[in-house]
Amino acid sequence: MEISNSKWPDTYFREQRDKVLAMWPTGSEVELGDAVAYHKQMPPAKNAALKVLKARDENLTYLCPSSGSDTINNHRELLIHLQNEGEADILTSYIDSFTRNCRFEMAQEGLKKAEASGRPVLNGFPVVVHGVGGTREVINALDNPVLLFGPTPDARLTHEIGLAGGHTGYSGGPMISFWNYTKDVPVENIIHNFQYINRLMGFYEEQGIPMLYCVSGAMPSISPPSLMIVPEIIEVLIAAAQGVKHIQLNNWLQGHLAQDLAYILTFKQLADEYLEKSGFSDVETTTYSVSPTGRFPTAHDRVYALISYFTMTGILGGVQVCGSRTIDEAHHIPTKEGSAHSFRNARMFLNMLCPQHMNILENKDVQAEQNIMEKEVRAVLDKVFELGGGDVVKGTVAAVDMGILDQPYATSQRVRGKVLGVKDSTGAARFYDAGDLPFDREILEFHEEKIRERETALNQKISYDTIINDLTVISEGRII
Amino acid sequence: MEISNSKWPDTYFREQRDKVLAMWPTGSEVELGDAVAYHKQMPPAKNAALKVLKARDENLTYLCPSSGSDTINNHRELLIHLQNEGEADILTSYIDSFTRNCRFEMAQEGLKKAEASGRPVLNGFPVVVHGVGGTREVINALDNPVLLFGPTPDARLTHEIGLAGGHTGYSGGPMISFWNYTKDVPVENIIHNFQYINRLMGFYEEQGIPMLYCVSGAMPSISPPSLMIVPEIIEVLIAAAQGVKHIQLNNWLQGHLAQDLAYILTFKQLADEYLEKSGFSDVETTTYSVSPTGRFPTAHDRVYALISYFTMTGILGGVQVCGSRTIDEAHHIPTKEGSAHSFRNARMFLNMLCPQHMNILENKDVQAEQNIMEKEVRAVLDKVFELGGGDVVKGTVAAVDMGILDQPYATSQRVRGKVLGVKDSTGAARFYDAGDLPFDREILEFHEEKIRERETALNQKISYDTIINDLTVISEGRII
Amino acid sequence: MKKPAKAVVVTGVIGEDVHVTGIRILEHALRSDGFEVHSLGIHNTQEDFIGKASEVNADAILMSSLAGHAEMLVKGFKEKCNRAGLEKTRLYIGGQLVIHSEAWEETEKTFLDQGFDRVAVPFLRPGAILAQLNRDLGTHAVLDMAG
Amino acid sequence: MKKPAKAVVVTGVIGEDVHVTGIRILEHALRSDGFEVHSLGIHNTQEDFIGKASEVNADAILMSSLAGHAEMLVKGFKEKCNRAGLEKTRLYIGGQLVIHSEAWEETEKTFLDQGFDRVAVPFLRPGAILAQLNRDLGTHAVLDMAG
Ligand code: B12
Ligand code: B12
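This is the structure:
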């Protein structure tokens with residue numbers, strides 16, 4: 001499939017939409033004129049893009065969960081509870097994994113089971129089978145904005161229905177969906193699906209309805225942040241090309257304070273720089289942070305500490321939106337009670353630290369991390385542009401093929417998978433193997449040095465067992 | 001009563017001991033030779049003073065609760081549970097308030113009730129009525145050091161029995177006991193009682209048994225830290241004069257990160273400096289931090305965040321021992337389960353942050369706080385020395401009288417009580433009224449400026465209601 | 001010139017307890033609401049309360065206790081009040097009265113049985129306390145305070 | 001030259017689930033313990049498992065599922081295995097099988113009824129899994145791993 005980073009012609013978009021809306025009966029409910037009207041009558045306070053800009057202007061940090069339930073009732077009750085009891089500022093419709101993979105018939109079957117049994121069956125909100133009307137039943141019951149949530153190779157129909165249903169943004173992206181959510185789908189196909197989604201958001205923007213698009217890049221697993229920042233910036237540029245105007249920069253916190261803060265700073269600086277360079281100077285960027293997706297501790301007392309810990313990082317990083325997992329994370333889909341407790345914990349921590357406007361970003365450890373991170377990102381990203389002859393999409397397709405864009409523990413067989421991360425003696429993520437990434441000696445030696453330090457601390461060579469252990473060590477109650 | 005800061009002659013000490021040991025029958029159980037022998041056979045790992053020095057050398061932060069229960073069984077079970085389930089590194093025997101006030105007959109009555117009813121009746125461990133034998137039943141069951149805990153005007157017999165019983169330190173001091181634990185006792189009497197305690201510890205040190213003495217200065221209530229540091233340094237110098245060799249510097253965290261960190265740095269620097277100046281260069285000082293004693297939130301999810309929050313401050317401040325309240329704090333004497341949950345929460349946070357050895361102490365906000373704090377402490381302390389003609393004890397007695405040593409919300413009628421604190425717009429404690437403290441214009445203007453900022457933020461003048469509200473605002477879920 | 005107080009109350013902390021913040025805040029609220037407040041501070045015996053109440057002819061005694069020993073400390077207080085001719089003086093107690101967790105009804109009953117007219121549930125806000133007091137004494141609220 | 005494996009297993013994730021970390025770690029442990037591991041990765045149908053198991057004549061199938069949809073995804077699996085002549089192939093499933101909180105016994109029963117020989121409780125460590133597997137297959141543990 002031939003693909004590039006240029007804006008889709010209306011005609012092409014229209015053809016594509018006809019196919020997509022035909023994927024499931026509820027597609028026929030989508031009528032853009034009506035959707036635009038629906039959004040216009042919503043109070044601005046329910047628009048996620050406007051709300052995060054307010055946070056940026058007023059130096060606020062908002063709290064945002066990532067959860068969803070299957071039936072209209074369960075989902076509405078969950079979000080109302082999160083809004084009123086959990087004091088969550090922005091809400092989410094986490095999409096179930098059947099819908100994420102366009103297995104709508106399975107989603108429907110699960111939904112029926114859930115309605116029959118009265119207990120949750122699906123791991124998220126099946127927005128497509130609920131259709132526009134069902135989705136609006138949820139949105140209408142709330143005062144806060146709601147985002148669609150969750151990477152997936154094909155969220156086109158999900159967006160047609162989800163946005164028409166009143167969601168004002170989405171979190172996910174083509175790169176993360178490729179690495180971590182598919183097995184054998186070419187990256188160009190997934191990018192194409194996201195160009196569709198981004199174009200649709202662009203259309204809403206053209207109608208005067210801001211839509212918040214939150215890129216995700218890649219799922220971290222003891223990954224030096226450049227492994228996430230590079231694909232995230234690629235997602236940013238793909239979105240901007242289709243007319244997306246409000247982009248949220250997702251920072252995947254892994255626990256090392258200096259490295260996580262440097263991630264937030266470096267990503268924002270370089271995203272804005274590459275947007276500017278590529279001629280998208282009218283795109284607003286805001287920042288979001290969320291805790292890692294490695295295995296969680298099972299004990300609530302410990303998880304509360306993690307929730308507080310990652311809230312701390314988000315606040316010190318000055319993000320506009322701070323995401324959080326819940327005390328149910330290790331066990332099952334978050335209940336509304338567990339979610340509310342979790343967000344009250346995050347809120348308390350936030351209400352202690354936020355008003356202080358303490359700025360530790362000039363800390364030398366943070367700057368050292370920033371310095372190396374920036375070099376890594378530029379090295380890879382510039383290579384991608386070079387390979388694409390200036391076109392980031394063409395470059396991406398080539399770079400994935402050559403392992404210049406690479407990820408550890410990818411689910412896709414189309415990924416080189418040579419890169420591997422390990423923690424250094426302070427718990428920061430370093431390259432154990434930098435695979436075929438186009439790094440110079442300085443970068444490589446930096447990581448080798450850190451690895452040596454860890455080996456001295458352990459007094460043994462780092463084995464595959466060390467690496468595996470690093471993946472789950474937080475669930476055992478410590479960063480290292 | 002004529003009193004000065006010179007070491008007690010043995011003869012005088014002996015006379016005093018005879019009187020004290022006669023205060024309650026169990027006094028006769030105390031035999032110093034036997035006590036020394038008992039301590040000598042204890043493993044060094046059970047000595048608090050040695051353990052905190054290890055922490056200082058190895059850059060570790062230990063966790064320490066502050067709790068105690070009434071019967072031998074309850075108390076032993078509580079401490080074993082805290083040690084094994086709560087992973088607490090140093091344990092405490094929080095002393096009940098009857099014993100603290102030498103109402104031993106009431107303590108005995110309460111203890112009988114507790115033994116009869118099987119439920120706790122006293123708010124701490126009545127060490128005197130339990131006697132040396134009873135106390136050792138608890139100590140022998142543990143692997144970690146145990147401290148006596150809690151300010152009181154007269155803990156002489158408590159120390160005779162508590163130390164002979166195997167405790168290896170104490171937290172409390174004459175100044176805090178005067179301001180916050182008495183109604184009408186002259187400060188010189190309380191200092192005299194503490195000279196006794198300190199001399200007793202000095203005796204153990206002379207026998208080669210390190211004893212950890214943790215000064216406490218004054219209970220904060222929206223108090224600029226110099227209000228605590230000054231009396232704490234006075235307590236340090238009184239202890240050193242009687243031969244105490246291991247002193248722990250208690251930092252009362254009130255929640256403002258920059259101010260709390262500056263407290264930890266300033267106190268340590270000046271304590272060491274004044275010890276040196278006064279010729280006590282062989283005293284080892286270590287640092288301890290603990291969360292405030294203002295009203296706690298009632299909801300566990302919020303308290304967990306506070307526990308994590310204050311653990312963060314302690315770690316960033318590099319303290320050797322980090323204290324913590326529990327999720328039971330607002331409700332009742334901590335249960336063993338509540339305590340264990342609380343310390344597992346603190347431990348998780350510690351295990352995330354500590355290994356990073358992140359140093360933010362050169363942060364400019366921290367340094368600004370340090371700068372003003374140091375000026376305040378020197379201004380008052382030097383005046384105290386001047387009033388005492390170089391004798392800190394004589395100076396203290398005079399300064400209290402003149403309101404040069406002063407506290408807000410003191411319980412003692414003998415305190416001037418003109419000083420009053422209020423939070424600034426970032427949640428830091430500032431002087432609303434500096435009373436008769438010998439401050440120069442620069443210091444006063446600094447605080448006035450901060451007060452003005454708060455008034456602008458509130459856009460109203462600060463009223464007594466604002467001040468009162470600041471006292472309990474954390475329990476409502478926010479620093480300001 | 002200050003107008004006469006609408007009612008006279010004696011406040012203080014009983015026993016060896018040092019928790020004074022709560023009652024101080026309460027005293028502030030009481031004064032602002034027009035009560036004449038005689039404050040005893042901490043470390044008071046039953047006799048201290050009774051002596052002051054008789055002296056100022058108090059309409060009510062507000063006794064605070066947080067350290068958890070209240071039950072042991074108030075034994076026989078009501079009888080002593082009666083003997084001192086304070087039958088009509090209303091007796092209030094509040095703070096955090098017991099050290100263990102038990103149903104509030106149990107705690108309340110314990111102290112009602114001891115002869116107190118009202119037992120304040122922990123954490124009760126000054127506003128709510130003033131409202132109750134004005135109702136009981138038939139006085140008019142001056143402040144309009146949220147509970 | 002590598003010595004012959006002590007037993008042959010097929011591993012993979014069923015359905016639209018992407019949780020691969022757990023089974024990958026398990027595969028690593030299995031290989032280190034001398035098993036011949038045929039890994040299918042994520043996004044497999046029942047047929048994918050059966051096809052590979054028949055092809056390599058597997059002693060056991062280890063099916064992983066975390067996303068919470070396992071019950072819907074394994075329906076009829078045992079019968080299909082039998083029809084494919086895999087009666088003797090032992091069927092294992094593990095991960096996090098249901099999305100709601102229920103007693104483990106219930107969950108276990110659900111999947112035993114579906115024809116699985118063993119259902120792994122969530123968070124089970126590789127060491128414990130290897131031990132069980134060696135017991136079931138009568139093979140000898142090579143690694144000595146803590147549960
Ligand atoms: C601050 C504090 C202290 C300070 C007190 C400073 C001071 N001078 O006031 C210090 C550090 C000195 C202290 C010491 C101790 N404390 Co303390 N302390 C607290 C804490 C954290 C807050 C109390 C407070 O100030 N609340 C804020 C005020 C505004 O609220 P309040 O007092 O409840 O008063 C309000 C209402 O209750 C009501 N009210 C109060 N009195 C009355 C009376 C009447 C008649 C009415 C109608 C209403 C009323 O009006 C007020 C305004 O709304 C509480 C736990 C908590 N609640 O978070 C523990 C707590 C009360 N302390 C406790 C204990 C045991 C002690 C100690 C014995 C040490 C120890 N073992 O922990 C020592 C006491 C030594 C002694 N001799 O008394 C326990 C009490 C146990 C229990 N009752 O179950 C608590 C619950 C902590 C705990 N979980 O262990 N403490
Ligand atoms: C990491 C993670 C992810 C990563 C996965 C990365 C990857 N490629 O593996 C990402 C971010 C991609 C992800 C996505 C989603 N996740 Co997820 N995820 C987790 C998390 C946090 C940890 C899982 C993990 O890696 N554990 C570490 C490994 C080592 O342990 P393990 O997998 O349990 O495996 C061990 C044992 O179970 C055993 N084992 C495993 N399989 C088998 C099989 C056999 C036969 C045997 C014998 C043993 C065995 O051996 C392993 C070694 O000890 C869990 C929650 C938690 N546990 O903390 C949620 C969790 C599993 N995810 C969940 C969900 C719902 C999702 C999503 C659907 C999104 C959403 N709505 O939350 C999507 C899935 C989309 C899709 N298409 O599948 C839910 C599942 C609900 C449930 N089952 O109750 C959980 C519990 C989180 C939650 N509370 O909601 N997730």
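Note that the protein sequences, when read in sequence, are chains Y, X, S and B.
Going letter by letter, the first sequence gives residues 1 to 480 in our numbering.
Going letter by letter, the second sequence gives residues 1 to 480 in our numbering.
Going letter by letter, the third sequence gives residues 1 to 147 in our numbering.
Going letter by letter, the fourth sequence gives residues 1 to 147 in our numbering.
Don't be surprised by glycine CBs; every beta carbon is placed ideally from N, CA and C.
A quick note: this is a predicted structure, and the numbers were derived from the prediction, not measured.
Inter-residue Cα distance where the pair is residue i and residue j
i, j, result
"VAL13 (chain B)", "LEU97 (chain B)", "12 Å"
"ALA399 (chain Y)", "ASP440 (chain Y)", "17 Å"
"GLY389 (chain Y)", "LYS54 (chain Y)", "38 Å"
"GLY147 (chain S)", "ASN180 (chain Y)", "Unreliable positioning characterises GLY147 (chain S) in this predicted model, as indicated by a pLDDT of 48, which lies under 50. The coordinate reading is nonetheless provided below. Roughly 53 Å separates the two Cα atoms."
"CYS81 (chain B)", "THR61 (chain X)", "57 Å"
"LYS364 (chain X)", "GLU374 (chain X)", "15 Å"
"GLU329 (chain X)", "ASN74 (chain Y)", "35 Å"
"ASN189 (chain X)", "LEU26 (chain S)", "32 Å"
"ALA37 (chain X)", "PHE149 (chain X)", "23 Å"
"SER216 (chain Y)", "MET175 (chain Y)", "8 Å"
"ASP433 (chain Y)", "LYS113 (chain Y)", "46 Å"
"ILE372 (chain X)", "ILE443 (chain X)", "7 Å"
"MET22 (chain Y)", "VAL30 (chain Y)", "The sequence shown places Ala at residue 22 (chain Y), rather than the Met named in the question. Their backbone Cα atoms lie some 11 Å apart in a straight line."
Residue i beta carbon near ligand 1 (any heavy atom closer than 7 Å)
i, result
"GLN96 (chain S)", "yes"
"PRO334 (chain X)", "yes"
"SER216 (chain Y)", "no"
"THR466 (chain Y)", "no"
"ARG103 (chain X)", "no"
"GLU16 (chain S)", "yes"
Distance cut-off 7 Å: residue i Cβ against heavy atoms of ligand 2
i, result
"ASN180 (chain Y)", "yes"
"HIS19 (chain B)", "yes"
"PHE149 (chain X)", "no"
"ASP328 (chain Y)", "yes"
"HIS331 (chain Y)", "yes"
"GLY255 (chain Y)", "no"
Closer than 7 Å: residue i CB and nearest ligand 3 heavy atom
i, result
"TYR94 (chain X)", "Summarising the ligand content, the structure contains ligand 1 and ligand 2 and does not contain ligand 3."
Neighbour-count burial assignment, residue i, 16 or more Cβ in a 10 Å radius
i, result
"ASP470 (chain Y)", "buried"
"MET358 (chain Y)", "buried"
"ASP89 (chain Y)", "buried"
"HIS140 (chain S)", "exposed"
"MET1 (chain B)", "Summary for MET1 (chain B): the model assigns pLDDT 44, below 50, so the residue's position carries little reliability; its value from the coordinates is reported in the next sentence. The residue is exposed, with fewer than 16 neighbouring Cβ atoms inside 10 Å."
"ARG156 (chain X)", "buried"
Supposed close pair residue i, residue j - CB separation, criterion 8 Å
i, j, result
"ASP424 (chain Y)", "ILE451 (chain Y)", "7 Å"
Segment contact flag, the stretch 270-282 of chain Y with the stretch 295-308 of chain Y, C-beta cutoff 8 Å, min 3 pairs: No, the stretch 270-282 of chain Y is not in contact with the stretch 295-308 of chain Y.
Cβ pair count under 8 Å reaching 3, the stretch 223-243 of chain Y against the stretch 56-70 of chain Y: Touching, no.
The stretch 164-175 of chain Y contacting the stretch 232-251 of chain Y, beta-carbon criterion three pairs below 8 Å: Contact annotation: the stretch 164-175 of chain Y touches the stretch 232-251 of chain Y, with at least three C-beta pairs closer than 8 Å.
Cβ contact check for the stretch 125-143 of chain X and the stretch 90-97 of chain X: 3 or more pairs under 8 Å: In the pairwise beta carbon analysis, the stretch 125-143 of chain X is classified as touching the stretch 90-97 of chain X: at least three pairs are separated by under 8 Å.
Meets three-Cβ-pair contact criterion under 8 Å: the stretch 141-148 of chain Y and the stretch 198-205 of chain Y: The stretch 141-148 of chain Y vs the stretch 198-205 of chain Y: no contact.
Stretch pair the stretch 124-132 of chain S + the stretch 30-40 of chain B: three plus CB contacts closer than 8 Å: Between the stretch 124-132 of chain S and the stretch 30-40 of chain B, the count of C-beta pairs closer than 8 Å stays below three; the two stretches do not touch.
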